[in-house]
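Participant:
Chains as they are written, first to last, in the working numbering: chain A, 166 to 594; chain B, 15 to 96.
#1: Can a CB atom of chain A be found closer than 7 Å to the CB of residue 35(B)?
#2: Strictly below 9 Å CB to CB, what residues from chain A border residue 67(B)?
#3: Please list the residues of the stretch 341 to 358 of chain A that have a C-beta atom closer than 7 Å to any C-beta atom in chain B, keeping them in chain order.
#4: Under 7 Å, Cβ to Cβ, is there at least one residue of chain B near residue 429(A)?
#5: Taking 7 Å as the threshold (beta carbon to beta carbon), is residue 296(A) in contact with chain B?
#6: Rounded to whole angstroms, what's the CA-CA distance from residue 250(A) to residue 576(A)? Just pull it up for me.
#7: List the residues of chain A that residue 16(B) touches, going by C-beta distances under 7 Å, in chain order.
#8: Enumerated in chain order, which unbroken segments of the alpha helix (DSSP H) with a length of 4 residues or greater are wholly contained in the stretch 355 to 435 of chain A?
#9: Between which two residues does the beta strand (DSSP E) harbouring residue 312(A) extend?
#10: Does any C-beta atom of chain B lie closer than 7 Å to the C-beta of residue 215(A)?
#11: At 4 residues or longer, what runs of the alpha helix (DSSP H) sit wholly inside the stretch 266 to 320 of chain A?
#12: Are residue 59(B) and residue 46(B) closer than 7 Å when you measure CB to CB?
#13: Is residue 181(A) buried or exposed, if buried means 16 or more other CB atoms sit within 10 Å of its CB?
#14: For residue 85(B), which three-state DSSP category applies?
#15: Taking only beta-carbon positions, decide if residue 301(A) is within less than 7 Å of chain B.
#16: When the Cβ atoms of the stretch 331 to 348 of chain A are set against those of the stretch 374 to 391 of chain A, are three or more pairs found closer than 8 Å?
#17: Reducing DSSP to helix, strand and coil, say where residue 546(A) ends up.
#18: Per the contact definition of three or more C-beta pairs closer than 8 Å, is the stretch 500 to 507 of chain A in contact with the stretch 343 to 353 of chain A?
#19: Any idea if residue 436(A) is buried or exposed, counting beta-carbon neighbours within 10 angstroms, 16 or more meaning buried?
#20: Just mark residue 539(A) as buried or exposed, buried being the case when its beta carbon has 16 or more other beta carbons within 10 Å.
#21: Note the first and the last residue of the continuous beta strand (DSSP E) segment covering residue 641(A).
#22: What does the Cβ neighbour count give for residue 230(A), buried or exposed, with the cut at 16 atoms within 10 Å?
#23: What residue does the alpha helix (DSSP H) around residue 242(A) start on, and which one ends it?
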């Protein structure tokens, strides 16, 4: 397939990417946005049955009006020389050349293993929500929502609205920490009301703080779980378990482009010049990062960062002090939130058994890796992180369980078929 | 929305409405083993957004397709359990 060329390439069509594309295209730049999903909007604006609404629709409409090239179901799989990426779409690979690139690849859920978590019926919290938005009918299903993070309440509210019988929310964070976060919401416009709205939407659902799912059991699929916390243990029969442990940035593309990321924060590029996330976001001449991959902070932060990156990439002086102040407020809230939902390693390790699978691609058990010193050693001995997901699930799990860093991304960043590569040519035409 | 799209799961006819992902359609059909793990365990979707690769199935003869990123199309043939 012929090489495509654009002035500004935006990788990821969630809030940050769309805001970036809108800002840049409004200043006359030729912009291309690619997204791995069949539809734009990212995870937070994932549409029900493909029908975008609200701010997402507004932004996509604006992009269409500005003649932005939107390529859905398109994944960046590698970085090529001369400011190009290799993209995969519809079973074909092709290069896209750019002058500037904005990486807005968002975040995924962090998963923490526990005995039985590989059983069908155990989903990510955001994962189950995405599947329901994709048409999965959960009416009447008995559901437990568990893990940690602000997503749990939102997911529980959504599942309840969709007819799910949500039995319980088990939040690992302590009541004390959650109360502190409640206070922090008062300082950021909109956050407090959002929290109140979610609490009301989940009234009638049992909310247990300081509690964790310690095992899931079933023959071919989930049948029951054990929840422990505050000195008590209970067995709950359920059809579905939605479990997520906050979010982790999708930093793979940034790493491909030699932007080194650590704990979701972009801290350096080219392996040489260290830069703070802030310097990097706005001051590198060719590469910009915006949104969740540069620090988990929610949709408002992503929109602001996206807009800043879009303006900067377009070479436009932007942004007033007010925006900077708003950004700082959101940043402070993000820190408060991330502190509240910090995982307690001892609690996580207590739940693990030697036969608990950590790497779902290669079925590597906890007992096989627990005595290793780092991810590389574990990888060499067990193939952990070497399967299809390339460590996207077990990598952040190992980071949480053992404190291991896993920066070892190499292209292609998703498994490719030979047939998909076979059509690839570096010829420019 | 009416179930206007016809498709097959392991040779059996099913129907769903437009805008349904393959993963969601399989769950609606009661499929639990989307794929079989390297040690023989049944696996089903986890992340719902393309990162975990647990929802892989064969679609129209193409193996290892992430079903959460595909929409059901008329006449699609899906094979599970591989």
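Virtual Cβ for every residue (Gly too), placed ideally from N, Cα, C. Predicted model only: the values in this text are computed from it and were never measured.
Facilitator: To lay it out plainly:
#1: yes
#2: Residues of chain A passing the Cβ test: 525, 526, 552, 553, 554, 555, 557, 558, 579 and 580.
#3: none
#4: For residue 429(A), the predicted structure reports a pLDDT of 43, less than 50, and the residue's modelled location is therefore unreliable. A value from the coordinates is still provided. Answer no: the Cβ-Cβ gap between residue 429(A) and chain B never drops below 7 Å.
#5: yes
#6: One C-alpha to the other measures close to 11 Å.
#7: Chain-ordered listing is empty here: chain A has no CB closer than 7 Å to the CB of residue 16(B), the nearest sitting near 12 Å.
#8: 356 to 366 and 417 to 421
#9: 307 to 313
#10: Cβ-Cβ to chain B under 7 Å: yes for residue 215(A).
#11: 290 to 298
#12: no
#13: buried
#14: strand
#15: yes
#16: Result yes; three or more Cβ-Cβ pairs closer than 8 Å.
#17: helix
#18: Put simply, the stretch 343 to 353 of chain A touches the stretch 500 to 507 of chain A. At least three CB pairs are less than 8 Å apart.
#19: Note that residue 436(A) scores a pLDDT of 38, beneath 50, so its modelled location is shaky; the value from the coordinates is reported in the next line. With fewer than 16 Cβ atoms within 10 Å of its Cβ, residue 436(A) is classed as exposed.
#20: exposed
#21: Residue 641(A) falls outside the range modelled here, since chain A spans only 166 to 594, and no answer is possible.
#22: exposed
#23: Taken as a continuous stretch (DSSP letters only), residue 242(A) belongs to no alpha helix (DSSP H), being part of the beta strand (DSSP E) at 239 to 245.
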